[in-house]
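Start counting the sequence shown at 214; every next residue gets the next number (the numbering used here). Where is the CB? At the ideal position from N, CA and C, for every residue including glycine. Quick caveat, the model's predicted, so the values are computed rather than measured.
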Amino acid sequence: MINELVQKLLAARSVVLSTHRNCDGDGIGSQLALLHGLKKLGKSVRILNVDLPAKKYQFLKTEKWIQAYDRTHDELQPTDLALILDTNDWRLVEPLFGELRKKCGEVLFIDHHPILKTGPEPTAGSWIDVDAASTGELCYRLLKALFTERNLEFDSEISRALYTSIVFDTQLFRYVRSAPNSHLIAADLLKFERHPEEVHHHLFATYTVEKMVFLTRALAGIEYRAEGKLAFIRLDREALRGLQPDDSADVIDMVMNIESIEIAALLREDGPGEFKLSLRSKGRVPVLPVAESFGGGGHRNAAGAYIKNAGDFGILREELLTALEKSLRTHE
Ligand SMILES: [Mn+2]
């Protein structure tokens, strides 16, 4: 699969890069690495995403390189190849996906999420490898192969972007999956990335005072079930006022630091009857099946869903907690 992709990229003159909505450190790092790498190969490259990155990613010069598909972006010209990073579900790239299909010769996914059992299939020729702990690791392998062909070397921009992907998705090497690849790749990238602590600070130490107040309230509202094995948090729109959507992303990961907790669920209210569901597991009980039953996807131990027309919140909450308690019981 990687060889086919290398050939397609060598042949392409123009490439557009994208990622899933609510773009995160893995998707952004992957696309910036490919942008800088493909430019070195003489390609015409741009990044067009569903939404703009959060402010904390500005250290990667995101404002210079990333446009969001809204009224202010430059119109997408006919392009040889579109690469969509860190998802294989086109629904998370809408409404941009339709435009990519119309304007690009081929649209491919590069991703490390499992293909959904009940969702859409990725386009033929896409590269999906669930053994990678981040999409950045796949982009590293792809760029290494391309650069070997052309006798080129990585540089500090490519290395910083890929290093960002890896430390973001592994949460500083907490979640590395089975292989030593994350560490080996990071070690290679550190030949050019001379200040990894700077990346760590930008990604993990940029809380505002407002965010700390929000976290205090959110954590105080945790509901514990199943003898402390299950945590549930609801974030309503009032709690999120004045914050970036990205600011709520850390809450559920903080909950997972509680020793007794095995799985956690967070429902973030994005609009009337509209919720973003996030699920996490420490590993014994998979949460992906529950995410899929709510129309979502993700990884075995970190998954989610966008729920529309939820109707009554109380009923949704009960359905969710019942499903989670059931999977706790069936994995006892
Ligand atoms: Mn990822």
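### Message
Considering Cα atoms alone, identify which of R454, H415, E440 and A523 is closest to A431.
### Response
For A431, the closest of R454, H415, E440 and A523 by C-alpha to C-alpha distance is R454.
### Query
Candidates H233, V228 and L385: which alpha carbon is nearest P308's?
H233
### Task
Drop a sphere of 10 angstroms on the beta-carbon of G524, count the other beta-carbons inside from all chains shown, and report buried for 16 or more, exposed for fewer.
By the neighbour-count criterion, in which 16 or more other beta carbons inside 10 Å mark a residue as buried, G524 falls on the exposed side.
### N470 classed as buried or exposed, judged by whether at least 16 other C-beta atoms fall within 10 angstroms
exposed
### Query
Who are C236's beta bridge partners in DSSP?
Answer is none; C236 lacks a bridge partner.
### Task
Determine, using beta-carbon pairs with one atom in the stretch 227 to 246 and one in the stretch 369 to 389, whether at least three such pairs fall under 8 Å.
yes
### Message
On a Cα-Cα basis, can you pick out the residue from R387, I341, D463 and H408 that is closest to K424?
### Response
D463
### Message
Quick check: does the Cβ of D466 come within less than 7 Å of any heavy atom belonging to ligand 1?
### Response
no
### Query
How about L321 and L296: do their beta carbons lie closer than 8 Å?
yes
### Task
Take T377 and list the residues in its own chain whose beta-carbon comes closer than 6 Å to its own, dropping the five residues that flank it on each side.
G238, G242 and V412
### Task
Return the residue from the list H325, D483 and T336 that minimises the CA-CA distance to S461.
D483
### Message
On the DSSP letters alone, give me the boundaries of the alpha helix (DSSP H) that N216 sits inside.
### Response
Judged by DSSP secondary structure, N216 falls within the alpha helix (DSSP H) whose first and last residues are I215 to A224.
### Task
Leaving out five residues on either side along the sequence, give the residues of the same chain with a beta carbon under 7 Å from the beta carbon of L289.
Around L289: V229, L261, E312 and K316.
### Query
Does the beta carbon of T232 fall short of 7 Å from some heavy atom of ligand 1?
no
### Message
Considering only heavy atoms of ligand 1, does any lie closer than 7 Å to the CB of T348?
### Response
yes
### Query
Mind checking S391: buried by the 16 CB within 10 Å criterion, or exposed?
By the neighbour-count rule (16 or more Cβ atoms within 10 Å), S391 is not buried but exposed.
### Task
Going by DSSP, name the residue or residues bridged to D324.
I341
### Message
Does the distance between the C-beta of H249 and the nearest non-hydrogen atom of ligand 1 fall short of 7 Å?
### Response
no
### Query
Can you find at least 3 beta carbon pairs, one from the stretch 272 to 286 and one from the stretch 391 to 406, that sit closer than 8 Å?
no
### Query
Run through DSSP, which three-state label would S473 get?
coil
### Host beta strand (DSSP E) of Y519 (start-end)
A515 to I520
### Message
Under 7 Å: does the beta carbon of H325 sit that close to some heavy atom of ligand 3?
### Response
Ligand 3 is not among the ligands present in this structure, which contains only ligand 1.
### Task
Just the C-alpha distance for E319 and K442, rounded to the nearest angstrom, thanks.
46 Å
### Message
Taking 7 Å as the cut-off, is the beta-carbon of D264 closer than that to any non-hydrogen atom of ligand 1?
### Response
No; taking the cut-off as 7 Å, the Cβ of D264 has no heavy atom of ligand 1 nearer than that.
### Message
Determine whether the beta carbon atoms of D324 and D299 lie at a separation below 8 Å.
### Response
Yes.
#### Entry: Cβ-based neighbour list, S494, same chain, cut-off 6 Å, excluding 5 preceding and 5 following
I476, V500 and N514
### Query
Counting along the chain, where does the beta strand (DSSP E) carrying V258 start and finish?
S257 to N262
### Residue burial classification, V503 (beta-carbon count within 10 angstroms, cutoff 16)
buried
### Task
Would you kindly check if the distance between the Cβ of G510 and the Cβ of G332 is under 8 Å?
yes
### Task
Could you check what DSSP says for D483 in three-state terms: helix, strand or coil?
Here D483 sits in strand by DSSP.
### Query
Sorted by chain position, which residues of the same chain lie with C-beta nearer than 7 Å to A433's C-beta, five sequence neighbours on each side aside?
none
### Task
Taking L294 as part of the beta strand (DSSP E), name the residues at either end of that continuous run.
T292 to L298
### Query
Could you check where the alpha helix (DSSP H) with F417 kicks off and where it finishes?
P409 to F417
#### Entry: C-alpha gap between L355 and V219, whole angstroms
7 Å
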